[in-house]
Structure formats: C-alpha cells, structure tokens
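Same order as they appear, the protein sequences are chains D and Y.
Going by the working numbering, the first sequence opens with residue 2, and the numbers climb by one from there.
Going by the working numbering, the second sequence opens with residue 5, and the numbers climb by one from there.
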Amino acid sequence: MVDKTPKYLDSDAECVKRALQKEVNAYQVLYERYKNRIYRYIWLKVDNKEDARDLTEQTFNKAFMKLAKLKEPTYFRQWLFKIANNEIKMYHRSQTSRIKTDSLDDAAQGKVMDNPGLSALSQSVIWTLQQLNKQEQEIIRYRLIEKKEIAEIAKITGKKIDAVKYLLRKARKRFIKIYKKNYNLGPEKKEGDKNEKV
Amino acid sequence: MKRSKKIDINQIVEDFTDKLIKGEKITIDEVLKKYPQERSKLRPLLEASEMLVKAGDEITAKTDKELAKFDNELWQKLEKNILTKNLKEVEKCKRVALQRDMVELKKRFEYILLLLYVKGYHCRIGEGIRGITRFIKSLFLISKMTDYAKLIKLYYEFVPYKLGPFDPAIYQDLKVLEIAGIIKRHPYKYKRPPSEAEKIDEGFGFNDESTIFTLTEEGMKYAQALARWCDKKDRKILEDFRRIKTTYGSAPLKKLLKYIYENYPEYTKESEVLEEILK
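Rendered as structure tokens:
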C-alpha cells in the first residue's frame, strides 16, 4: 500500500495521466482515494456485503482496464461513480425477480431490512434513502453520509451553492415524510403553526 | 422604515448539520427555541439531518471496517490485472521483435533494453547495470542530454522525489520485463559493508543486497534488433547511449547524484539526501 501520496499524484488528472503511462503507483493512489467511498456507495444500494465487495472489485477493474477511454481525466471521480452505477444497475437487473419479491416482503413487514450490525435507525434510514429519487439520494449522500461541505458539493455536482441548499432542503423534507409515513410515526408535529400565525 | 430580517431556513439547517458533523453538542430544541416562528418548517428538516448524520456515522464505520478486511486482497487482484495488461503488451512486442532482424524503437521500455545492451565501463556488450537508482538516473540523463526521448510518444516523465529525478513507472517496467523473460535480476552481495551511498543505490528498499540487471537471451535478441534499427537511423544514438552508460551507468552513486543535483537542481526539491550528497 502507498504509505504517503507523492506530491505529483495529488490530482486525479495527474494520476490518470500517469496510470496511462503504466505507473501502477498511480492506479494505487486512485484506488486508495476512492475505495471507501465506492464501497459505501455500492453497499448502500445493494444491502449485501459480499455483493458490494464483488461490485467494488468490478468497478475498479473496469475503470482501470478502460482508463484510456476516459476523455477528460479531471472527471475521473464522476466517471468512476458512473461505472459503479452501471454495475449496480446490472446487478439489480440480474436480481430482478428476487428484488421484486423482496420489495413485496418489505411492504408486508414494515420495511425492516436484515442488516446485522446496524442499528434499527440506520436500517430504516437506508431503506428510506432508497425510496428517494437519484438526485435526492446523491445530494443526501454527499452531505450527510460523506459529510461534505456545501461548497464542495456544489463543485462536485456543478451546481450553485443556493441550488445545493435548495435541493438538500427538498430531499430532507421528502426523506422525513417517507420515513414517518413508513415507520408509523404519524404526521409531522404542528407545534409551530400557532407561532407562525402570530 | 424598519424591515424585519428574513430568516434563511436552509442556512439554519446547514449550520445545525455542520455542528452535528463536527460532533458539537447541539439539540433540535435549542435551534427551535431560537426561531420559534419557524418551528414547523424547521423541525422535520432538523430531524432528518440528525437522523441521517447519526446513521451516516454508523454506516461509514461499518463499511470502513468491512472494507479493511479485504482491502489488501482486492488491491492485489487489481494490481495483478494491471500488470497482466502491461505484460501482454510487452510480450506482443517481444514476439514481433524475435521474428525480425530490425525493430523500430517505439516503446519506452525499449530504452531499458538498449541501455542494457550497449557497451559500458568494461566495454562488454550487454554489460549489466547495478542498482535501480543508477538505472533511473541513466534513463533520466538520456532524456536530458539527448533528443532521443522525443523519438517516442510517451517517455518516462521524471518528477522531483526522495533521491532526485524519479519515475516509478521504471520500477513497473523492470518488473514486467522480468516476468516477460526479457531481463534478469541477479543479487549482488557486498564483499565489504556497503557505504551509505551504496545503500541508497537500491532506493529505500535496501536490505543489504544490491541487484544487477542484465538481458536474458531473448532480451539480447530483442535489443539487437533495436540496435540495428538505431544504427540504421542514426549511428549517434548508440554512441550516446554508450557514452551515458559508460560515464554514469557505473559511476559511484554519490558522484552520479552530485552531478545530477548540481546540473538539474529543479529535481532536488523533494530530496532527502541533498545535503549529504552536496557535501
């Protein structure tokens, strides 16, 4: 493993350039830089440790073997996540019948996932997250799971800071609505209504 | 006229989230107390943040722990695939070269073969080079003292590093060339305790043993085909390679590094032995 990233490999673009020149060290820096995020990203979407592990391997393998096809090296991160997404899609396609049955089971059993080692809260949060649309999931993942700052998310997504804040608010609202509805917590509290009228 | 200041709900939620992320102590009720008129709008957003940050911490800890268990194994598989890809290319070049009398110098690893092929200090064809550092510096000098690096699309790209100019791709190329049966590494045992300069000869992986790189029989045939092409294109190519190998390929390492550090100071920015060398 790389003990310390050499300065010349600070940027993804330089790593990609060097990797294309067959420098294994550059591949390793890219792997080290993204392995946790990619694994977590996949893990959240497949709910299965073994499958998440296989898909992580396939994602990096595809990215590294097809690196020459990446036209803009500065977009390595986005490209890598796109590959991960495709792998997840293919995985779900191959599991279609199982997933359908599981969804029905979830509905019948009050959306309790079987994820040993995670608290009931985290399990219900993951399930709820999966009910959001792609954009909402992405923005929540960046801000609240990966814990990135708004400015950084704006840079990654190419959106303005206010737009990121707006999307986050929308996503949070939807999240809590779905969460409360599905975990029988009743409607949101109306405690502030009185004050608002004042 | 006095205007009431507009409350930015988004900002309040983000400030609250930032505090949670930083692990600061803050409760939803504290925020709601500050903005009683926005309680109904704020509460669900703050609740969502709190829940997600908490779950996020747990998920991150769990996935990081899981990944750590197979991280090494996963990287080793990826590394093997990368090396296999590089190896396939080298083996293809070797097959072509062994079928021909003459092959054009097209790949950067072929500079390694040519450097090993030409005569060196002892005036012998195929004379070995001792130590990875001497190898790296000789390839660096080829790019600086001649125009031949420009003959190919992607030559080694040197950056300042611990021992001056460095490109780790040389390590990988040597590894792949060895697997492809083109070069050989021979361990070199010191007859007396190695000096400090000799120790850095092997980079930082020094283990009381040095390495001599030479061509295998097939490597020799491949290099001969390259040498014939160079000879035909411009006799000066081989002469310059020979000059660099003779002068620097077997020079005492301290002297070689001193020469490079004095003539190419831009590559010494990261050097850990600069002062020692320039003494």
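Ideal Cβ positions, reconstructed from N, Cα and C, are used throughout, including at glycine.
Once DSSP output is grouped into helix, strand and coil, what is the label at residue i?
i: residue 119 (chain D); result: coil
i: residue 100 (chain D); result: Note that residue 100 (chain D) has pLDDT 47, beneath the 50 cutoff, so the model's placement of it is unreliable and the number below is only indicative. Helix, per DSSP.
i: residue 27 (chain Y); result: coil
i: residue 146 (chain D); result: helix
i: residue 166 (chain D); result: helix
i: residue 256 (chain Y); result: coil
i: residue 37 (chain Y); result: helix
i: residue 10 (chain Y); result: coil
i: residue 135 (chain D); result: helix
i: residue 187 (chain Y); result: strand
i: residue 106 (chain Y); result: coil
i: residue 159 (chain D); result: coil
i: residue 18 (chain Y); result: helix
i: residue 44 (chain Y); result: helix
i: residue 94 (chain Y); result: helix
i: residue 114 (chain D); result: With a pLDDT of 48 at residue 114 (chain D), under the threshold of 50, the predicted position of this residue should be treated as unreliable, though the coordinate-derived value follows. Coil.
i: residue 60 (chain Y); result: helix
i: residue 7 (chain D); result: coil
i: residue 179 (chain D); result: helix
i: residue 179 (chain Y); result: helix
i: residue 223 (chain Y); result: helix
i: residue 251 (chain Y); result: helix
i: residue 54 (chain Y); result: helix
i: residue 143 (chain Y); result: helix
i: residue 72 (chain D); result: coil
i: residue 125 (chain Y); result: coil
Suppose contacts are defined by Cβ-Cβ distances below 8 Å. Is residue i in contact with residue j by that definition?
i: residue 249 (chain Y); j: residue 119 (chain Y); result: yes
i: residue 85 (chain Y); j: residue 180 (chain Y); result: no
i: residue 271 (chain Y); j: residue 168 (chain Y); result: yes
i: residue 64 (chain D); j: residue 84 (chain D); result: yes
i: residue 160 (chain Y); j: residue 171 (chain Y); result: yes
i: residue 143 (chain D); j: residue 127 (chain D); result: no
i: residue 63 (chain Y); j: residue 51 (chain Y); result: no
i: residue 78 (chain Y); j: residue 57 (chain D); result: yes
i: residue 158 (chain Y); j: residue 22 (chain D); result: yes
i: residue 106 (chain Y); j: residue 227 (chain Y); result: no
i: residue 36 (chain Y); j: residue 43 (chain Y); result: yes
i: residue 186 (chain Y); j: residue 215 (chain Y); result: no
i: residue 146 (chain Y); j: residue 175 (chain Y); result: no
i: residue 165 (chain D); j: residue 177 (chain D); result: no
i: residue 141 (chain D); j: residue 81 (chain D); result: no
i: residue 177 (chain Y); j: residue 140 (chain Y); result: no
i: residue 82 (chain Y); j: residue 62 (chain D); result: yes
i: residue 37 (chain D); j: residue 68 (chain Y); result: yes
i: residue 188 (chain Y); j: residue 218 (chain Y); result: yes
i: residue 145 (chain D); j: residue 53 (chain Y); result: yes
i: residue 123 (chain Y); j: residue 131 (chain Y); result: yes
i: residue 138 (chain Y); j: residue 257 (chain Y); result: yes
i: residue 92 (chain D); j: residue 14 (chain Y); result: no
i: residue 129 (chain Y); j: residue 121 (chain Y); result: yes
i: residue 109 (chain Y); j: residue 233 (chain Y); result: yes
i: residue 20 (chain D); j: residue 14 (chain D); result: no
i: residue 173 (chain D); j: residue 133 (chain D); result: no
i: residue 268 (chain Y); j: residue 7 (chain D); result: no
i: residue 9 (chain D); j: residue 163 (chain Y); result: yes
Please list the terminal residues of the continuous alpha helix (DSSP H) segment that includes residue i.
i: residue 17 (chain D); result: 13-21
i: residue 269 (chain Y); result: No alpha helix (DSSP H) holds residue 269 (chain Y); DSSP gives it neither H nor E.
i: residue 47 (chain D); result: 25-47
i: residue 63 (chain D); result: 50-66
i: residue 116 (chain Y); result: 113-121
i: residue 238 (chain Y); result: Where residue 238 (chain Y) is concerned, there is no enclosing alpha helix (DSSP H), given that its DSSP letter is neither H nor E.
What residues match up with residue i in a beta bridge as DSSP calls it?
i: residue 163 (chain Y); result: Y:170
i: residue 95 (chain D); result: Per DSSP, none; premise fails for residue 95 (chain D).
i: residue 134 (chain Y); result: Y:216
Quick one: does the C-beta of residue i sit closer than 7 Å to a heavy atom of the ligand GTP?
i: residue 16 (chain D); result: Of the ligands one can find in the structure shown there are none, so the ligand GTP has no counterpart to examine.
Decide if residue i is buried, meaning its Cβ has at least 16 other Cβ atoms within 10 Å, or exposed.
i: residue 127 (chain Y); result: exposed
i: residue 159 (chain D); result: exposed
i: residue 99 (chain Y); result: exposed
i: residue 240 (chain Y); result: exposed
i: residue 45 (chain Y); result: buried
i: residue 102 (chain Y); result: exposed
i: residue 129 (chain D); result: buried
i: residue 111 (chain Y); result: buried
i: residue 88 (chain Y); result: exposed
i: residue 123 (chain D); result: buried
i: residue 125 (chain Y); result: exposed
Flag residue i as yes if its beta-carbon sits less than 8 Å from any beta-carbon of chain C, otherwise no.
i: residue 62 (chain D); result: Of the chains in the structure shown, none is chain C; the protein chains are D and Y.
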